[in-house]
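A.B. asks: Numbering (my numbering), first residue to last: 77 to 212. What follows is a structure written as structure tokens; I'll ask about it next.
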Amino acid sequence: MASSAVYLDADENLEAIISRIDQKSRKIETLLKQSKPVEALKTALEGSPLKTRDERCKSASWIVVHRALMAIRDVDGMFNSLDPEYYDILMKYLYRGLSTGDRPTCDQCLKIHEKLTERAGLGCILRSLADTVNTV
77 MASSAVYLDA DENLEAIISR IDQKSRKIET LLKQSKPVEA LKTALEGSPL
127 KTRDERCKSA SWIVVHRALM AIRDVDGMFN SLDPEYYDIL MKYLYRGLST
177 GDRPTCDQCL KIHEKLTERA GLGCILRSLA DTVNTV
């Protein structure tokens with residue numbers, strides 16, 4: 077019962093969450109036009125609606141993160157600019173990307189996964205897989 081209460085709080089404002097994701101999407105498009113893919117990725121990862129079970133929110137958030145992920149060309153450079161606070165949530169999105177089965181998405185996710193694992197260690201993978209409350 078307690079865990080469902082956590083989800084209810086997040087699901088109460090679904091339209092507000094979708095609205096924030098739309099705003100985030102516009103900001104990301106602007107950053108990508110300015111050739112700032114790492115800033116776009118940071119923006120995409122910030123404030124992700126982790127505790128919602130609503131698939132619309134999860135899908136909308138994934139689309140925003142996916143757009144930013146696919147714009148990354150220099151993975152090493154990305155990690156030089158990306159704060160460690162983003163590593164665990166990034167890992168969750170990488171696994172979501174791998175689950176799509178889309179070849180370009182999977183290729184990009186695997187490239188980033190390799191570098192992220194080198195940088196953050198196996199603990200990042202374990203935290204990502206073990207955390208069933210904060211899902212993407």
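C-beta atoms are modelled at their ideal positions from N, C-alpha and C, and glycine is treated no differently. No experiment lies behind these values; they were computed from the predicted model shown.
1. Within its chain, find whatever has a CB closer than 6 Å to the CB of M154; leave out the 5 residues flanking it on each side and keep chain order.
2. Within a Cβ cutoff of 8 Å, which residues of the same chain sit near Y83, ignoring the five residues on either side of it in sequence?
3. Taking 8 Å as the limit between beta carbons, can you name the residues of its chain near M146, skipping five residues before and five after?
4. Which residues in the same chain have their Cβ closer than 7 Å to the Cβ of N210, if we skip the five residues on either side of it in sequence?
5. Give me the Cα-Cα distance between E91 and W138, rounded to the nearest whole angstrom.
6. In angstroms, rounded to a whole number, what distance separates the CA positions of S95 and L108?
7. Given that a residue counts as buried once 16 or more other Cβ atoms are within 10 Å of its Cβ, and exposed if not, what is T119?
8. What do you get for D159, buried or exposed, if any count of 16 or more other CB atoms within 10 angstroms of its CB means buried?
9. Confirm, please, whether the CB-CB distance from A116 to A144 is below 8 Å.
C.D. replies: The relevant details are as follows:
1. Taken in chain order, the residues that qualify are V114, I148.
2. At Y83, the pLDDT of 43 sits below 50, so the modelled position is not reliable; the number obtained from the coordinates is stated separately. Cβ neighbours of Y83 beyond the five flanking positions: K127, T128, R129.
3. Here the set comprises P180, T181, Q184.
4. The residues are L126, K127.
5. Going from the Cα of E91 to the Cα of W138 covers about 16 Å.
6. S95 and L108: Cα-Cα distance of roughly 20 Å.
7. T119 comes out buried.
8. Counting Cβ neighbours within 10 Å, D159 comes out exposed, since fewer than 16 surround it.
9. Cβ distance < 8 Å, so A144 and A116 count as in contact.
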